[in-house]
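Each residue of the sequence shown is one higher than the one before, counting from 39 in the numbering used here.
For every residue, glycine included, the Cβ atom is placed at its ideal position computed from N, Cα and C.
Accompanying notes for the structure given below.
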Amino acid sequence: MSKLSLKSSGVKLKSPEDIKRIADAGRVIAELFEEISKTDLASASAFEIDTYIESFLNKHACRASFKTMQNYAYSSCISINHEAVHGIPHKKKKIKTGDIVKIDIGASKNGYFADGCRTFACGKISSEAQRLIETAQIALAEGIEQAKAGNFLGDIGSAVEKYVNSRKCSVVREFCGHGVGFAAHEPPVVLHYGKEKTGLRIAEGLVIAVEPIINTGKRELVTLSDGWTAVTKDGSLSAQFEETIAVTKNGILILTSLV
39 MSKLSLKSSG VKLKSPEDIK RIADAGRVIA ELFEEISKTD LASASAFEID
89 TYIESFLNKH ACRASFKTMQ NYAYSSCISI NHEAVHGIPH KKKKIKTGDI
139 VKIDIGASKN GYFADGCRTF ACGKISSEAQ RLIETAQIAL AEGIEQAKAG
189 NFLGDIGSAV EKYVNSRKCS VVREFCGHGV GFAAHEPPVV LHYGKEKTGL
239 RIAEGLVIAV EPIINTGKRE LVTLSDGWTA VTKDGSLSAQ FEETIAVTKN
289 GILILTSLV
């Protein structure tokens, strides 16, 4: 499929100037994760962390893009242990030593959007949890490596899935990556599973969020009655890492990075 097919699918390619502005928002997210990584999360409530996130974003001339989502009132999603994604950061959700905590943040700055997620280990965690975190980090890197001009979106998902399967873990299929930059969510859909050389052909100017969710057990999720929080159906641990990346003539740029 051609670059024209990418455009005809509703994908808005970004100029070098657009990418620079998306990176401005992405760097704030990276700086925020760096600050959180220095913090002892044990005994903190998810609400306290969310409040800190909103304050940090505001101080850096950003706004929390998640607050633009219909019926969502928070600046982040905070998901603990078997909570896979979209965990609501309410006051009663307390973090304790041994937990793994997914913090997902969207930021907009001067009209441009970036998205990122990290899984944090709270104190001493189990060997299973540590292995899962390492698997999720490497799986994301394997996927990003395939996001080259001329490759296909299916190459990203295939690389993620192959690595995760080799580690005897599973890739969630209910949620996927997406385009980002001019809005919090844009075309195309970026699957974290699938076959090589399928889907749209990747072109220079493509900006996407790659964000595989990896479980130690089976891949299926269940959404709780709050309408947001998705947990693993079998109660297994779940980890996620996400980066906003840009495809350029000089290669792949990670826009949610301090580098």
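Practice task
Hey, could you find the ends of the alpha helix (DSSP H) L205 is sitting in?
Solution key: One point to set straight first is that residue 205 is Arg, not Leu, in the sequence displayed. Looking at the DSSP string, R205 is not in any alpha helix (DSSP H), and its letter there is neither H nor E.
Problem - D78, buried or exposed, once every other Cβ within 10 Å from all chains shown has been counted against 16 - result: Exposed, because fewer than 16 other Cβ atoms sit within 10 Å of the Cβ of D78.
Exercise for the section: Work out the CA separation of K134 and F298 for me, nearest whole Å. Expected result: One cannot answer for residue 298 here, as it falls past the ends of the chain, which runs 39 to 297.
Practice task
Leaving aside the five residues before and after L42 along the sequence, list all residues of the same chain whose C-beta is less than 8 Å from its C-beta, in chain order.
Solution key: Since pLDDT at L42 reaches only 40, below the 50 mark, its modelled position is unreliable, and no value is offered.
Handout entry: Buried versus exposed call for M39 [16 or more other C-beta atoms within 10 Å across all chains shown]
Key = Reliability fails at M39, whose pLDDT of 34 lies under 50, so the model's placement of it is uncertain and no value is given.
Exercise for the section: Please find out if some non-hydrogen atom of the ligand FMN comes closer than 7 Å to the beta-carbon of V260. Expected result: As for the ligand FMN, it is missing from this structure, which has no ligand bound.
Practice task
Specify the secondary structure class of F158 as computed by DSSP and reduced to three states.
Solution key: Strand.
Exercise for the section: Note down, one range per segment and in chain order, each beta strand (DSSP E) of at least 3 residues found wholly within the stretch 89 to 145. Expected result: The stretch 89 to 145 contains these whole beta strand (DSSP E) runs: 114 to 118, 121 to 123.
Exercise for the section: Note down the Cα distance separating T106 from C155, rounded to an integer number of angstroms. Expected result: T106 and C155: Cα-Cα distance of roughly 18 Å.
Handout entry: Straight-line Cα distance separating G136 from D62
Key = Distance between the alpha carbons of D62 and G136 is about 34 Å.
Exercise for the section: Would you mind stating whether A277 and I240 have Cβ atoms separated by less than 8 Å? Expected result: No, the Cβ-Cβ distance between A277 and I240 is not below 8 Å.
Handout entry: Which residues DSSP lists as bridging N253, in chain order
Key = N253 pairs with S208, S276.
Handout entry: Simplified DSSP state of K271, which is helix, strand or coil
Key = Coil, per DSSP.
Handout entry: Residue of Y110, S117, E92 minimising C-alpha distance to I141
Key = Checked all of Y110, S117, E92; the closest Cα to I141 is S117.
Practice task
State the DSSP-derived secondary structure class of K186, mapped to helix, strand or coil.
Solution key: It is coil, neither helix nor strand.
Practice task
Output the distance between the C-alpha atoms of Y201 and A177, rounded to the nearest integer angstrom.
Solution key: Rounded to the nearest angstrom, the two C-alpha atoms are 6 Å apart.
Exercise for the section: Determine the direct distance from the alpha carbon of W266 to that of Q108, and round the result to whole angstroms. Expected result: Q108 and W266 have their C-alpha atoms roughly 11 Å apart.
Exercise for the section: Determine the contact status of S208 and R169, defining contact as a CB-CB distance below 8 Å. Expected result: Between S208 and R169, the C-beta gap is not smaller than 8 Å, which leaves the two residues out of contact.
Problem - Any 3 or more C-beta pairs closer than 8 Å across the stretch 190 to 204 and the stretch 231 to 238 - result: Yes, the stretch 190 to 204 is in contact with the stretch 231 to 238.
Exercise for the section: Look up S165 in the DSSP assignment and say whether it is helix, strand or coil. Expected result: In this structure, S165 counts as helix in the three-state DSSP scheme.
Exercise for the section: Please name the residue or residues paired with H216 in a DSSP beta bridge. Expected result: H216 is bridged by DSSP to V227, A247.
Problem - Cβ neighbours of C115 in the same chain (closer than 6 Å, five flanking residues each side left out) - result: H124, G125, D142, listed in sequence order.
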